[in-house]
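Please read the structure below before turning to the comments.
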Amino acid sequence: MRTHSEQGNTPIIETRNLAKSVQTLEGELHILSSVDLIIKSGESIAIVGESGSGKTTLLSLLAGLDTPSRGSVVIKGRDITRMSEDGRAALRGELVGFVFQSFQLLPALTALENVMLPLELIGDPEAEAAARVLLERVGLGRRLSHTPRQLSGGEQQRVALARAFVAGPAILFADEPTGNLDSKTGAHVIDLLFELNQERHTTLVLVTHDASLAARCGRMIRLDAGSMV
Amino acid sequence: MKRFNLALRLLRRDGRSGELTLLVLALLIAVAGTSTISLFADRLQRTLSVQVAEFLAGDLVLAGSQAIDDSWRARAADLGLTQSQTTEFSSVLLENGQMLLAAIKAVGQSYPLRGILKTLEVEEGEEVTVRQGPEPGTAWVEKRILSALQLGLGDLLTVGEKPLRVTRILTYEPDKRGDFYSFSPRVVIHQADLQATGVIQPGSHVHYFYQFIGAEPQLKAFKQWLKPQLNPSQRILDIHEDRPELGSALQRAERYLGLSSIVVVLIAGVAIAMAAGRYTERHFNAAALFRCLGCRQGEILWLYTLQFLLLGALASAAGCLLGWLGQLGLFYVLKPLLPQQPADPGLLAVVFGFVTGMAILLGFALPPLLRLREVSPLRVLRRELEPLPAKAWLVYGLAIAVMSALIGRYSNDWQMTASVIGTGLLSLLVLGLLIACALSLLRPLLPRLGVIWRFGVQGLLRNRRASVSQILAFSITLAAMSLSFTVRNDLIDQWQQQLPERAPNYFALNIIPAQQPAFALDLSGAGMEGSAFYPVVRGRLVAINAEPVQKRVSKDSQGEAATQRDLSLTWAAAIPADNTLTAGEIWPQNEAGWVSVERKLADNLNIKVGDELQFTIGSEQVSARVANLRSLEWDTMKPNFYMIFSPGTLDGFPFTYLTSFYLPDAGKDLLNQLLKTYPAITVLDVDQVLKQFKTILMQLTQAIDLLLYFALAAGFAVLFAAVYATLDDRIRQAALMRTLGAKRGWLASTHLVEFGFLGALAGTMAAILQQVILYVFYSRVMHIPYRLSWLSGAALLAIGVVSVGLAGYWGVREVLNRSPMRVLRRL
Chain U
1 MRTHSEQGNT PIIETRNLAK SVQTLEGELH ILSSVDLIIK SGESIAIVGE SGSGKTTLLS
61 LLAGLDTPSR GSVVIKGRDI TRMSEDGRAA LRGELVGFVF QSFQLLPALT ALENVMLPLE
121 LIGDPEAEAA ARVLLERVGL GRRLSHTPRQ LSGGEQQRVA LARAFVAGPA ILFADEPTGN
181 LDSKTGAHVI DLLFELNQER HTTLVLVTHD ASLAARCGRM IRLDAGSMV
Chain Y
1 MKRFNLALRL LRRDGRSGEL TLLVLALLIA VAGTSTISLF ADRLQRTLSV QVAEFLAGDL
61 VLAGSQAIDD SWRARAADLG LTQSQTTEFS SVLLENGQML LAAIKAVGQS YPLRGILKTL
121 EVEEGEEVTV RQGPEPGTAW VEKRILSALQ LGLGDLLTVG EKPLRVTRIL TYEPDKRGDF
181 YSFSPRVVIH QADLQATGVI QPGSHVHYFY QFIGAEPQLK AFKQWLKPQL NPSQRILDIH
241 EDRPELGSAL QRAERYLGLS SIVVVLIAGV AIAMAAGRYT ERHFNAAALF RCLGCRQGEI
301 LWLYTLQFLL LGALASAAGC LLGWLGQLGL FYVLKPLLPQ QPADPGLLAV VFGFVTGMAI
361 LLGFALPPLL RLREVSPLRV LRRELEPLPA KAWLVYGLAI AVMSALIGRY SNDWQMTASV
421 IGTGLLSLLV LGLLIACALS LLRPLLPRLG VIWRFGVQGL LRNRRASVSQ ILAFSITLAA
481 MSLSFTVRND LIDQWQQQLP ERAPNYFALN IIPAQQPAFA LDLSGAGMEG SAFYPVVRGR
541 LVAINAEPVQ KRVSKDSQGE AATQRDLSLT WAAAIPADNT LTAGEIWPQN EAGWVSVERK
601 LADNLNIKVG DELQFTIGSE QVSARVANLR SLEWDTMKPN FYMIFSPGTL DGFPFTYLTS
661 FYLPDAGKDL LNQLLKTYPA ITVLDVDQVL KQFKTILMQL TQAIDLLLYF ALAAGFAVLF
721 AAVYATLDDR IRQAALMRTL GAKRGWLAST HLVEFGFLGA LAGTMAAILQ QVILYVFYSR
781 VMHIPYRLSW LSGAALLAIG VVSVGLAGYW GVREVLNRSP MRVLRRL
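Written as structure tokens, this is what we have:
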């Protein structure tokens, strides 16, 4: 597991003039325009806005899942917009963890195997031990051999949290992590997310339209029609 | 190694969750099918070759007009081959003032190496089977010798200068060869008495035959070693050339076995492609996640390819084991029909089964798998993002390469492979377009259809590309299955036509013209069905367009065999009904001086219509111009001729008549009466040969039937599996409809309509594909006349509707019985 002690004022993500547009039958559609943003290491930041405001697009650009139409994204001094897809994948493997609204657990794998996966992909021999510790930490120590189908939504998201943290990422991207959960379960998952984030000094970038959740982050960015307001 | 371990773990996890079931099933069917068939075919072929070798009395026979060098025999001994020898020559026998030209055969101690001899120990006794020739000092003779020379069993018969005691009557010898029309009655003596006869002098006309048996590799090595050393008068006998009636039956059966393998491979290939497509689609999310977690594109492809290779190796190994058991089962079922000791299964065929499995997997599964490499990591956020379909050239290119390699391997004929693949490709292209057109035609009908029909048809139109490939896949499967069935029927019909129940089993030769009308009358009076009477003049082909014929022959060829001996020449106003004209016309000016030549011999000697052929008949020369070429089946057991002249060409030459007729077992007495009435006529008994030939055909038929059932069972299993592979989307759709309140009966009806249409279109396309392939296959490979079959087309349509309809209906039935939420969560 990697640790990330460099905290404080060092920018870990920096965007310059970031924009995304797509061609439609009616002409060019601007999803995101001119976003300049600096996220410091260890910071927790919420991206909020209405549906269609460009939140998820911004997250996908910051995480290197998509490429911008214009501008750049620099993560830890490396301009990921100049990298090949494989280069970005390597960087994601090294620095990034994800939590998704739809959990994205592999249905064929047990909870333990789902959490082991990121470490297995980099050939870590201690994958199982680390995964067990994390699952224990999220309160699923007795559900290791259960498949996603046998887990409730909240439990699935806790497995996803364990998977996100198991490789010790420097940055955690979370896309509407409570979007598919009821409020009580959602609150429990969020508590866990912030606890783990603090324990592991991870930079958190969270997309949500839940104001109370956004309020728990150190900083909030609001998007409207693709622009920061 | 880490990647390998990870691939293994992922594979195990997928296997545990049931994701691989369809793929494994398709692979198992493919490998078990091909290895069963290739093991069975290989073993059957070797078993039958041994059986057929009985017709040569050895696995390999060297024939020539000179005795072979001792070093050759030593070489055979070094290779561990068992050998025997026969020496054949003609000699005039003189006893009790009667003279007879007889065919003498001196046999070694171990003759016959293959097959058996049948004899009578007393004149009217039971046939006794023996596995060795006569003892020194004794002779076995055909019954005709006794009657013609007024001898009885136990009397002395002098061959040359050596008196030998006649101890048995010979009724069957396995390697009776030559054309049926020049047969003299047989006397078999021991090789040790040969010298004492004093018949063989330098310059004598003698044929030496050396028989060898042993393991296949050693025989092959010996043959390779022997070939370059043969002189022009020596040749290695081959079952395909020396016994064409058996050779062509075996060859066709071998081709059918090959076809069955290809059918199974094709059916399984289609299923593997569909199962791999489904597997790929169900792994888009995983691939996207892997990309999120840092996997490079190449790593993802490698990870999945490795899994497929592992899966392929495991399934192929299991398939080979099943194949091994399968062929044991087939041989067990055929046990009563096959020789006592069938050949051992060949390990090479197992290896081939394994290689086939891997090749089909890669050929059919790799293209869909390549899509996983293209999955965008963004899919984790937007599930609707799907990679582009694999490029068509890649999908079809790889599958075609694999199929070409397999067809080429089975047929050993790359020209034929290219024509089959070319036709198949063209047909697929045309069919694809036809299906797309048919679907387009359905669209305008939608508003006029009732709601159930509209929903059913819409199911097909929703994803047209997927529907076209599904229909194409089902039509290939259905066409392949029906192809196997139709070819089997036609092949067996053809055999039965060649050898009907009452096929001629006796030949009558040397019928002098003065006796022919009376003999014909007596035959029909006794109820014996005969073929026509053909006049025969013996003559030899010596030149083609004034060029000596020897310059045109290649060693060991049919042409060489036909030009080294006298041929039976005949004439007729028309060619025999069962011959087919392939070039030229029948007697252009309806005058003398024309000849019709058998096509294969013409090809062999490069004879064309219009060429001038020169023959030697006795001491005279005759020329005739080639009027036409004709093909014929040598395996009909009727009189067949290389050369038929136009009437008048051979006038003035002494001739006799020849005919063949059927005599039931119970009618032997009638034959004896006939022989007494016409002592000069030679009657040749081919009953034994015919019976053995029929047995072999029956064995082949049974074997082919079993393979057919196997191919059909595999086809249906795969068809059902393939339908299942397409169901995810339909089940999701149906579950949604259920949540919106669609009733059970309503959903069931729309599914029936949708799958019924799918099956009907597939059945129709299969019928078209089947007829095109049959046409090419019959005309180019099997050489059987093609005829359009409307009935099989209609049957395919019905089978398509019923099988695809039922399989689809069965597959989505769970939607009707379970809560929609459970169904949706499971997907």
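Residue numbers (full-length UniProt numbering), protein chains in the order written: chain U, 1 to 229; chain Y, 1 to 827. C-beta: ideal position from N, C-alpha, C; glycine also. A quick note: this is a predicted structure, and the numbers were derived from the prediction, not measured.
- For Thr81(U), no Cβ of chain Y is located within less than 8 Å of the residue's own Cβ.
- In terms of Cα proximity to His207(Y), the closest of Ile407(Y), Phe89(Y) and Thr47(Y) is Phe89(Y).
- DSSP lists Ile13(U) and Arg78(U) as the bridge partner or partners of Ile75(U).
- At a cut-off of 8 Å between beta-carbon atoms, Asp728(Y) makes no contact with chain U.
- For Val420(Y), no chain U residue has a C-beta closer than 9 Å to its own C-beta; the minimum C-beta separation is roughly 40 Å.
- For Arg502(Y), the three-state secondary structure derived from DSSP is coil.
- A distance below 8 Å between beta-carbons, with the five flanking residues on each side excluded, links His188(U) to the following residues of its chain, in chain order: Gly154.
- Straight-line spacing of the CA atoms in Ala286(Y) and Leu106(U) works out to 6 Å.
- Secondary structure note for Ile644(Y): its beta strand (DSSP E) is the uninterrupted segment Met643 to Phe645.
- Under the DSSP assignment, Gln515(Y) falls outside any alpha helix (DSSP H); it carries neither an H nor an E label.
- Taking one beta carbon from each stretch, the stretch 471-486 of chain Y and the stretch 604-623 of chain Y have fewer than 3 pairs nearer than 8 Å; the two do not touch.
- The closest CA to that of Gly54(U), considering only Pro68(U), Leu95(U), Leu161(U) and Ser41(U), is found on Pro68(U).
- A Cβ-Cβ contact shorter than 8 Å links Gly353(Y) with Thr34(Y).
- With respect to chain U, the C-beta atom of Cys295(Y) has a partner C-beta closer than 8 Å.
- The Cβ of Val380(Y) sits closer than 8 Å to at least one Cβ of chain U.
- Only residues of its own chain outside the window of five on either side were considered, and among them Asn114 and Val115 have a CB closer than 6 Å to the CB of Arg163(U), listed in chain order.
- Annotation for Val133(U): the continuous alpha helix (DSSP H) segment containing it runs Ala127 to Arg137.
- By the neighbour-count criterion, in which 16 or more other beta carbons inside 10 Å mark a residue as buried, Gln770(Y) falls on the buried side.
- In the DSSP assignment, Val622(Y) falls within the beta strand (DSSP E) that extends over Glu620 to Ser631.
- DSSP, read as helix, strand or coil, puts Gln23(U) in strand.
- Just so you know, the alpha carbons of Leu388(Y) and Ser376(Y) end up roughly 10 Å apart.
- Listed as beta-bridge partners of Ile544(Y) by DSSP are Glu547(Y) and Leu613(Y).
- With its beta carbon less than 8 Å from one in chain U, Ala286(Y) belongs to the interface.
- Only residues of its own chain outside the window of five on either side were considered, and among them Leu25 and Ile29 have a CB closer than 8 Å to the CB of Ala717(Y), listed in chain order.
- Counting of Cβ neighbours within 10 angstroms places Ala273(Y) among the buried residues, the total reaching 16 or more.
- Taken atom to atom, the span from the alpha-carbon of Leu406(Y) to that of Thr356(Y) is near 8 Å.
- Per DSSP, the unbroken beta strand (DSSP E) holding Pro163(Y) starts and ends at Lys162 to Tyr172.
- Straight-line measurement puts the Cα of Ala399(Y) at about 5 Å from the Cα of Phe364(Y).
- In this chain, the beta strand (DSSP E) harbouring Ala102(Y) covers Gln98 to Val107.
- For a Cβ distance threshold of 7 Å, residue set Ala108 of chain U lies close to Asp14(Y), ordered along the chain.
- For Gly93(U), the chain Y residues whose C-beta falls within less than 8 Å of its own C-beta are Leu293, Gly294 and Cys295, listed in chain order.
- Neighbours of Phe290(Y) in chain U, taken as residues at a C-beta separation under 7 Å, are given in chain order as Leu121.
- When secondary structure is reduced to three states using DSSP, Tyr210(Y) falls in the strand class.
- Neighbourhood of Leu6(Y) in chain U, by CB distance below 9 Å: Glu120, Leu121 and Gly123, in chain order.
- Going by beta carbons, Val457(Y) and Val804(Y) fall outside the 8 Å limit.
- Interface annotation, Gln156(U): not in contact with chain Y, CB-CB separation never under 8 Å.
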